[in-house]
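Inspection log for the structure reproduced underneath, given as structure tokens.
Numbering (this note's numbering), first residue to last: 68 to 350.
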């Protein structure tokens, strides 16, 4: 297994982002669809969308319940909102949103209800663009193993406990073998695994494994992962970058950790909030 750390991977120019074209419009920088949030979890939608915008997405669309509409329009008026409620069919709205996006982020604050499961199934079965699967979406998949077959070609971003549920491996074993377990799971399921830990591991199942060296304890805070998936979603959506899933995931983790370190430098590790991480993304 070939381990890649920050300096060796990013300093050789492979993942240095190019200058944005001067003659361009928002359509040139991709549309990210965030299928995130549920009742009482509007913050997950907000933070993933904020992470995407701060990483250069031209447009971010949020698919969220009607109850979250007003707060999201207040928190992030730049985002396009498509809302649904339990009394009417969501499916046509979601299918239309999937058709017009360039990448999808799903799972942050989604919940684990029957409606959440139906929404997840719709995305997994119909998404034809790069897709990042996180949080509650991963928990739902671990509860419904028939959905594992849809993970091929996607990026998953579990923390250690979520990965334990997905893989069936004990937490203690994963902690002692993070790189190996991420690599094997990625290979077995033909996906990119971003296994979040104090040294986050990214693997596409090959012998190449990226181990991030940045970040700090202040990033262990609610919503930090939501920002990360927004970052990765934005990198995937921007066609001029032409980043494969592994490179987008690794670069996203790197950008996220650098932003977290900047936030900690200005506020201190005890005081970092997820929005501080997003606001310290500098590209």
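Heads up, the beta-carbon is just placed ideally off N, CA and C, and yes, glycines get one too.
Please read all numbers here as calculations on a predicted model, not as lab measurements.
Residue(s) in a DSSP beta bridge with residue i
i           : result
residue 372 : As shown, the chain starts at 68 and ends at 350. That puts residue 372 outside it, with no answer to give.
residue 86  : Residue 86 is not bridged to any residue.
residue 277 : 71 and 269
residue 198 : 171
residue 163 : Partner(s): none; residue 163 has no beta bridge.
residue 226 : 263
Buried versus exposed, by CB contacts within 10 Å (16 or more), residue i
i           : result
residue 105 : buried
residue 135 : buried
residue 172 : buried
residue 128 : buried
residue 321 : buried
residue 250 : buried
residue 231 : buried
residue 273 : exposed
residue 93  : exposed
Own chain partners of residue i with C-beta closer than 7 Å, once the 5 adjacent residues on each side are dropped
i           : result
residue 205 : 174, 223, 225, 229 and 233
residue 196 : 168, 169, 170 and 171
residue 193 : 162 and 165
residue 359 : An answer regarding residue 359 cannot be provided, because it is not within the stretch 68 to 350 covered by the chain.
residue 291 : 341 and 344
residue 84  : 308 and 350
residue 334 : 343
residue 279 : 73, 266, 267, 320, 321 and 324
Sequence-distant residues of the same chain with beta carbon closer than 6 Å to residue i, five excluded per side
i           : result
residue 313 : 259 and 271
residue 108 : 176
residue 216 : none
residue 317 : 269 and 277
residue 103 : 111, 112, 115, 175 and 176
residue 293 : 111, 114, 115 and 175
Rounded straight-line distance, which links the Cα of residue j to that of residue i
i           : j           : result
residue 253 : residue 261 : 9 Å
residue 80  : residue 348 : Residue placement at residue 80 cannot be trusted, given a pLDDT of 47 that sits under 50; what the coordinates show is reported in the next sentence. Rounded to the nearest angstrom, the two C-alpha atoms are 19 Å apart.
residue 255 : residue 340 : 35 Å
residue 185 : residue 207 : 10 Å
residue 336 : residue 286 : 8 Å
residue 137 : residue 178 : 20 Å
residue 220 : residue 161 : 21 Å
residue 87  : residue 130 : 28 Å
residue 319 : residue 203 : 20 Å
residue 70  : residue 238 : 22 Å
residue 299 : residue 315 : 6 Å
residue 236 : residue 218 : 18 Å
residue 99  : residue 282 : 25 Å
residue 212 : residue 200 : 15 Å
residue 187 : residue 350 : 31 Å
residue 183 : residue 210 : 13 Å
residue 267 : residue 140 : 33 Å
residue 311 : residue 154 : 39 Å
residue 329 : residue 289 : 18 Å
residue 297 : residue 126 : 12 Å
residue 332 : residue 122 : 20 Å
residue 89  : residue 101 : 27 Å
Neighbour flag for residue i against chain D, beta carbons, 8 Å
i           : result
residue 151 : No chain D is part of this structure, which consists of one protein chain only.
Own chain, CB closer than 8 Å to residue i, minus 5 neighbours either side, in chain order
i           : result
residue 248 : 230, 234, 236, 240, 241 and 262
residue 214 : 187, 188, 191, 207 and 208
residue 338 : 285
Fill in: the stretch 241-248 touching the stretch 138-148, judged by at least three CB pairs closer than 8 Å
Counting C-beta pairs with one atom in each stretch, the stretch 241-248 and the stretch 138-148 have fewer than three that are closer than 8 Å, which means they do not touch.
Worksheet item: Is it true that the stretch 317-333 meets the stretch 149-163, where meeting means three or more beta-carbon pairs spaced less than 8 Å apart?
Response: Not touching, per the Cβ criterion.
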